[in-house]
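What follows is a single structure, written as structure tokens, with notes after it.
Residue numbers (my numbering): 9 to 450.
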């Protein structure tokens, strides 16, 4: 259990939660702390497990900041093992002369890009300075959003290590929805139903523009929801209007549902602020498992936070574990290359990182970065489309059965290794398109 005194988080003897009948507590689960390691110069993953302090009878402080439960190990920054199998790329490149060389192609924005637009901050009703919010879900009106004339921004080469800066983009208002019938006259026989569906989109879009400041601002919910760390601690928010109560549980508080109770606002947003430990370390260690326990109309549920940034399936287990992913600044990857300007015409190479290896294995972001991206560049493409990026528990779904919308697939590596891969693509002048699946039906 964790106590707080004058804004300081103090470890205490762990409280072993005794669930009532019918409770879906994690107390009877196999509580082993699992370390996920990525072996250097290899695409295989090595996984080890150590005994959990939860099973110990001796007094124990909350998992120390230095104890990493599910943490990426050595970064796979070395050259890939499958490089030799792609030596034929030079021969293939000779045939790519049917394309214009990507280097000589004129890469220009139709209307130009102004670097001064970089770093526009979205207004919000939340303030992270003290781990508290100034106001709750303060609706931003479109008058406050001066993004009508803002073009897509190119990331500055000198990106801050503290936070990746993304400029606001101009998103046009919805049209009448009638031009589609000019493009494809065969759709006119379904006009009534298509117009009905489009009308629902316009209603939702109007509400977002009116109360949330537009799609650009609305899309930046990750800056407020989920885990956000400030200088004084960690704030966690989850939208669950149907829950009767909620608590944050995990390795950091020995899965004690009474240690960190969350509070609810008028909009159904549950929130908790965890101050730093007495020694200044983060209240939740990087790489440790976390879940949110909610009392719902259908019973007690332990769920992975909806905005989790990393989710890993432990060896021998079926469910995935939500991982608090917040490596130290010196371990975070910082973008070094600006995003390429929009090409005058796109030549897109569609790819799947896991299936991109010539060997019978699930390929990694690091291998794709080192082996596949140069090949795509030499073939004359100027854009790469990455499929199956969002975490999906069923690998055979090809990434369409998304389970964690904000977590890149852990099968291929860590979020920072994905950033490294994207940065390499930018260095090569390749625009990166990522498939984002919200819902899939067959």
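The beta carbon of each residue, even a glycine, is placed where N, CA and C say it ideally should be.
Terminal residues of the continuous alpha helix (DSSP H) containing residue 207? 199-219
Handout entry: Reduced DSSP category for residue 194 - H, G, I as helix; E, B as strand; rest coil
Key = helix
With the cut-off set at 8 Å, would you say residue 312 and residue 324 are in Cβ contact? no
Worksheet item: What are the start and end residues of the beta strand (DSSP E) that includes residue 254?
Response: 253-258
Open item on the list: Suppose contacts are defined by Cβ-Cβ distances below 8 Å. Is residue 258 in contact with residue 245 by that definition?
Closed with: no
Q: From the DSSP output, in three-state form, read off residue 434 for me.
A: helix
| query | Under a three-way DSSP split, which group does residue 454 fall into? | reply | Limits of the chain in this structure are 9 at one end and 450 at the other, which puts residue 454 out of reach.
What's the C-alpha gap between residue 439 and residue 395? 14 Å
### Query
Can you tell which of 248, 242 and 247 has its C-alpha closest to the C-alpha of residue 456?
Past the edges of the chain, shown from 9 to 450, lies residue 456, and the structure says nothing about it.
Original post:
How big is the Cα-Cα spacing for residue 437 and residue 425?
Top reply: 19 Å
**Asked** Which word fits residue 404, buried or exposed, when buried means at least 16 other C-beta atoms lie within 10 angstroms of its C-beta?
**Response** exposed
(request) For the alpha helix (DSSP H) containing residue 376, list its first residue and its last residue. (result) Looking at the DSSP string, residue 376 is not in any alpha helix (DSSP H), and its letter there is neither H nor E.
If distances are taken between C-alpha atoms only, which option among 411, 276, 339 and 334 comes closest to residue 302? 276
*asked:* Suppose you measure from the CA of residue 190 to the CA of residue 202; what does that come to, to the nearest Å?
replied: Near 14 Å, if we compare the C-alpha coordinates of residue 202 and residue 190.
| Pick from 391, 363, 225 and 278: whose alpha carbon is nearest that of residue 351? | 391
- Item | Per-residue DSSP class, three states only, for residue 443 | coil
- Query: What's the gap between the Cα of residue 262 and the Cα of residue 236?
  - Reply: 21 Å
- If you follow the alpha helix (DSSP H) that residue 282 is part of, which residue opens it and which one closes it? Not the alpha helix (DSSP H): residue 282 falls in the beta strand (DSSP E), residues 277-283.
Given this structure, state the Cα-to-Cα distance separating residue 377 from residue 417, to the nearest angstrom.
Computed Cα separation, rounded: 15 Å.
Secondary structure at residue 245, three-state DSSP: helix, strand or coil?
Here residue 245 sits in strand by DSSP.
- Query: Given residue 249, which residues of its chain have a CB within under 6 Å of its CB, disregarding the five upstream and five downstream residues?
  - Reply: 276
Which residues bound the beta strand (DSSP E) around residue 299?
-> Taken as a continuous stretch (DSSP letters only), the beta strand (DSSP E) holding residue 299 covers 298-304.
(Q) Let me check understanding here. Comparing Cα to Cα, which of 335, 285 and 284 lies closest to residue 296? (A) 335
Subject >> Nonlocal neighbours in the same chain, by C-beta distance under 6 Å from residue 442, ignoring five residues either side >> reply: 394 and 397
inquiry  = I'd like the span of the alpha helix (DSSP H) that includes residue 226, first residue to last.
reply    = 223-226
Task: residue 208, buried or exposed, once every other Cβ within 10 Å from all chains shown has been counted against 16 - done: exposed
Legend entry - Per-residue DSSP class, three states only, for residue 334: coil
Measuring CA to CA, which of 419, 433, 216 and 254 is closest to residue 362? Ranking the options by Cα distance to residue 362, first place goes to 419.
What residues in its chain sit with their C-beta under 8 Å from that of residue 210, if we drop five residues either side in the sequence?
Around residue 210: 182 and 185.
Q: Just the C-alpha distance for residue 305 and residue 343, rounded to the nearest angstrom, thanks.
A: 45 Å
Q. Going by beta carbon distance, what residues of the same chain come within less than 7 Å of residue 6, once the five residues before and after it are set aside?
A. Nothing in the structure corresponds to residue 6, since the chain is present only between 9 and 450.
(message) Please report the distance separating the alpha-carbon of residue 7 from that of residue 413.
(response) Since the first residue of the chain shown is 9 and the last is 450, residue 7 is not available in this structure.
Quiz item: If you count every other CB in all the chains shown that lies within 10 Å of the CB of residue 204, and 16 or more means buried, which is it?
Solution: exposed
(Q) Could you compute how far the alpha carbon of residue 279 sits from the alpha carbon of residue 308? (A) Taking the straight line from one Cα to the other gives about 18 Å.
- Task: Report the rounded CA-to-CA distance for residue 387 versus residue 427, giving the unit in angstroms.
- Result: 23 Å
Quiz item: Would you call the CB atoms of residue 434 and residue 348 closer than 8 Å?
Solution: yes
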